[in-house]
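J.: Can you keep this structure in mind? I'll have questions shortly.
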Amino acid sequence: MKYGILICGAPGTGKSTHIKKMLDQAGFDEEYILADPDKLPGEHSEQSKKAFELLEEAIEHKKNVVYVGSCVGVRTIHGILHEMKTNKFHTIVAIAYTSIPTALKRIASRTEQPLDADIASEVHQFFKTKAEKYMKLHEIDALYLYNNETEFNLLLSKKKKKIVCSDPKGEFYFDISKYC
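Quick note: the sequence shown, position 7, residue 7 per full-length UniProt numbering, numbers continuous.
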């Protein structure tokens, strides 16, 4: 079985930093193609485009893939998940959260992948309105929600419709306690 893994969240939430931890918690230890804009050369828009192309190529060639991005385009991501399921992929989505002030501090200290603070704030606010939709997408086989304010903590996991809450009161883009 091939795996399609999406690591999502606003800028500065630690998506690229904590890939290994998320994959370990998902029980994934196979080789994969990494489609992470932070790890690709070029300007931000070029990096994002290249990462998305890598993702599409991996699906087409039925290769394990880990895509890292904001995932704010829920329709686009829903389409990708649908394509993965059509191609018999096991789909995993991990969503990372941190507060806007913490995210902006992290972004300001970056030496690579700089991002305007206003854009980062807008993406964070936009993601806050869209993140809960991932709880209802049937194409997701496993979902992990993390808070990375100080440490990378798993708040909730959902596998085969079974939900395990590690920290139902943990801060996230939406109130996760109603799912616990």
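In this text, a Cβ means the ideal position worked out from N, Cα and C, and glycines have one as well.
Going by beta carbon distance, what residues of the same chain come within less than 8 Å of Q47, once the five residues before and after it are set aside?
T.: Here the set comprises P37, D38, L40, P41 and Q113.
J.: If you draw a straight line from the alpha carbon of N87 to that of Y32, how long is it in whole angstroms?
T.: Cα to Cα, the separation comes out at about 16 Å.
J.: Is the region 135 to 153 touching the region 115 to 124 in the sense that three or more CB pairs, one from each, lie closer than 8 Å?
T.: Verdict: no, contact absent.
J.: What would DSSP say about F174, mapped onto helix, strand or coil?
T.: The answer is coil: DSSP assigns F174 none of H, G, I, E or B.
J.: Check whether the region 102 to 111 touches the region 54 to 67, counting contact only when three or more Cβ pairs, one atom from each stretch, lie closer than 8 Å.
T.: No, the region 102 to 111 does not touch the region 54 to 67.
J.: Pick helix, strand or coil for Y32, following the three-state DSSP scheme.
T.: Looking at Y32 - three-state DSSP - the assignment turns out to be coil, as it is neither helix nor strand.
J.: In the DSSP assignment, the beta strand (DSSP E) including T91 goes from what residue to what residue?
T.: Taken as a continuous stretch (DSSP letters only), the beta strand (DSSP E) holding T91 covers F89 to Y97.
J.: Just how far apart, CA to CA, sit G12 and M22?
T.: Taking the straight line joining both Cα atoms gives about 16 Å.
J.: Evaluate T150 with the Cβ neighbour count: other Cβ atoms within 10 Å of its Cβ, from every protein chain shown; 16 or more gives buried, anything less gives exposed.
T.: Burial call: exposed.
J.: Please name the residue in T17, S70 and F126 whose C-alpha comes closest to that of V93.
T.: Cα-wise, what sits closest to V93 is S70.
J.: Closest to H78 by CA distance: which of K161, C165 and C8 is it?
T.: For H78, the nearest C-alpha among the options comes from C8.
J.: Please report the residue range of the beta strand (DSSP E) in which K2 lies.
T.: Unbroken beta strand (DSSP E) run through K2: K2 to G9.
J.: Taking the CB atoms as reference points, tell me whether E83 and I100 lie closer together than 8 Å.
T.: For E83 and I100, no; Cβs fall outside 8 Å.
J.: With Y134 and I95 assumed to form a contact (beta carbons below 8 Å), what rounded beta-carbon distance in angstroms separates them?
T.: Contact flag correct, Cβ pair sits at about 6 Å.
J.: Thinking C-alpha only, which one of L155, I163, V65 and A131 is nearest D29?
T.: For the residues L155, I163, V65 and A131, the minimum Cα distance to D29 belongs to V65.
J.: Assign T17 to buried or exposed, taking buried as 16 or more other Cβ atoms, counted over all protein chains shown, within 10 Å of its Cβ.
T.: Exposed.
J.: For E122, verify whether its CB is less than 7 Å away from any heavy atom of the ligand HEM.
T.: Questions concerning the ligand HEM fall outside what the structure shown contains, since it holds no ligand whatsoever.
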